[in-house]
Amino acid sequence: MDLQHQHDHNSPSSSNDDVYALGWIAFDALVVLLLVAAAAGYALALWAARSRGRWPISRVMAWYAGLLCIGVGLVGPIAAAARTTFTAHMTGHLLIGMAAPLLLVLAAPLTLALRALTVRRAQVLTRFLRSPPLRFITHPTVAGGLNAGGLWVLYTTDLYSLMHTSVLLHGAVHMHIFLAGYLFVAVLIGPDPNPHRASIQMRSVVLIVFIAAHSILAKWLYVHPPAGVEIFDGRTGAQLMYYGGDIIDITLIVLLLAGWFRATQPRVARPG
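Have a look at this one:
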């Protein structure tokens, strides 16, 4: 019995399981480290820019709420359940790919950075924002394609199954989901400076197309869940994607229209 137990413990399968478990521990630790760095970085920027006037508390709250969404989606019970259940995975998708990007964009981190940096470093950041590569990726059609296209590739190919077999692939997929979501929201309604901001008409059309693509994908998943996902779990996750996504989409529509309304209002000069 002891020899058999020792043999099983030292078997290649057991070693692979140990490496797999250590990989997830390292992933969780890296996520926590990055979130702490982001939280500390925003606080340091607030301190460095303290002489530049008051910074809206709503933006501060949005930043830390966005980081919390990422943390809940990537570390903890929801993240662990997401490796085995589609509904939990979709909960994480909404937190990481939709809620967190919206909140972090509303925190205006680039504006805060420009206030906190020295003049020379702020000029470097400004030149980067005006660069041709950034002009390309911040075009609404490109940002929308990266966001919606990535989701279609994830859920209509074997990528969804494969991402649960590799910690690195899991991290890469979620990094794309977050970055594509952040870029998309920033292009549409971001308060940060954007030298290449498209017209309200262009952004409106792209948002409508994205909402349609997201809704169609959710309906597709309701009927055709990813391989290995049970029917009930797949339908619950698809419904969560559909209705949860609607909440974020409606918020984007309201913010986009509010920004258009502010831009069209005549500016009144202050006395003195």
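Each residue of the sequence shown is one higher than the one before, starting from 33 at the first, in my numbering. Every residue, glycine too, gets a C-beta built ideally from N, C-alpha and C.
Rounded to the nearest angstrom, how far is the Cβ of residue i from that of residue j, given a contact under 8 Å?
i: Phe210; j: Pro133; result: 7 Å
i: Leu161; j: Pro225; result: 6 Å
i: Tyr214; j: Val137; result: 6 Å
i: Ala131; j: Ile282; result: With 8 Å as the limit, Ala131 and Ile282 do not qualify as a contact, their Cβ atoms being about 13 Å apart.
i: Ala250; j: Tyr274; result: 4 Å
i: Phe59; j: Gly203; result: 6 Å
i: Pro165; j: Ala230; result: No, Pro165 and Ala230 are not in contact; Cβ-Cβ is about 16 Å, not under 8 Å.
i: Leu146; j: Ala154; result: 5 Å
i: Leu67; j: Leu99; result: 5 Å
i: Ala148; j: Ala71; result: Contact flag wrong, Cβ pair sits at about 15 Å.
i: Thr143; j: Pro223; result: 7 Å
If you drop the 5 nearest sequence neighbours on each side, which residues of the same chain put their C-beta closer than 8 Å to that of residue i?
i: Leu284; result: Leu134, Val217, Leu220, Ile221 and Leu239
i: Trp184; result: Ala245 and Leu249
i: Gln297; result: none
i: Ile128; result: Cys101, Ile102, Gly105, Leu106, His206, Ile209, Phe210 and Gly213
i: Asp190; result: Ala259
i: Leu272; result: Thr119, Met122, Thr123 and Leu126
Does residue i come out as helix, strand or coil in the three-state DSSP assignment?
i: Trp292; result: helix
i: Gly182; result: helix
i: Gln155; result: helix
i: Trp87; result: coil
i: Leu149; result: coil
i: Gly173; result: Note on identity: in this sequence residue 173 is Thr, with Gly being the wrong assignment. It is helical.
i: Asp281; result: helix
i: Arg162; result: coil
i: Met195; result: coil
i: Gly304; result: Any reading at Gly304 must be qualified, since the residue scores a pLDDT of 43, below 50, and its modelled position is unreliable; no value is offered.
i: Phe80; result: As written in the sequence, residue 80 is Ala, which differs from the Phe given in the question. In the structure shown, Ala80 sits in a helix (DSSP, three-state: H, G or I).
i: Thr143; result: helix
i: Thr189; result: coil
i: Gln297; result: coil
Quick one: residues in its chain with C-beta nearer than 6 Å to the C-beta of residue i, no 5 flanking neighbours on either side, listed in chain order?
i: Val63; result: Leu106 and Val107
i: His208; result: Gly182
i: Thr268; result: Thr119
i: Gly266; result: Phe118 and Pro257
i: His121; result: Ala114
i: Met234; result: Pro172
i: Ser193; result: Ala259 and Gly260
i: Ala270; result: Ala250, Leu253 and Tyr254
i: Met195; result: Leu201, His202 and Val205
i: Thr170; result: Val219 and His228
Who are the near neighbours of residue i in its chain, counting only those whose CB is closer than 7 Å to its CB and skipping five residues on each side?
i: Ala111; result: Gly105 and Gly124
i: Gly304; result: Unreliable placement is indicated for Gly304, whose pLDDT of 43 sits below 50; the coordinate value is still reported in the next sentence. Excluding positions up to five away in sequence, the list is empty.
i: Asn179; result: Ala212, Gly213, Phe216 and Phe242
i: Ile263; result: Pro257
i: Ser236; result: Leu288
i: Pro227; result: Leu161 and Arg162
Curious, which full-length alpha helix (DSSP H) runs of at least 4 residues does the region 199-266 contain?
199-221 and 232-255
Entirely enclosed alpha helix (DSSP H) segments - the region 83-128, minimum 4 residues:
89-106, 109-113 and 118-126
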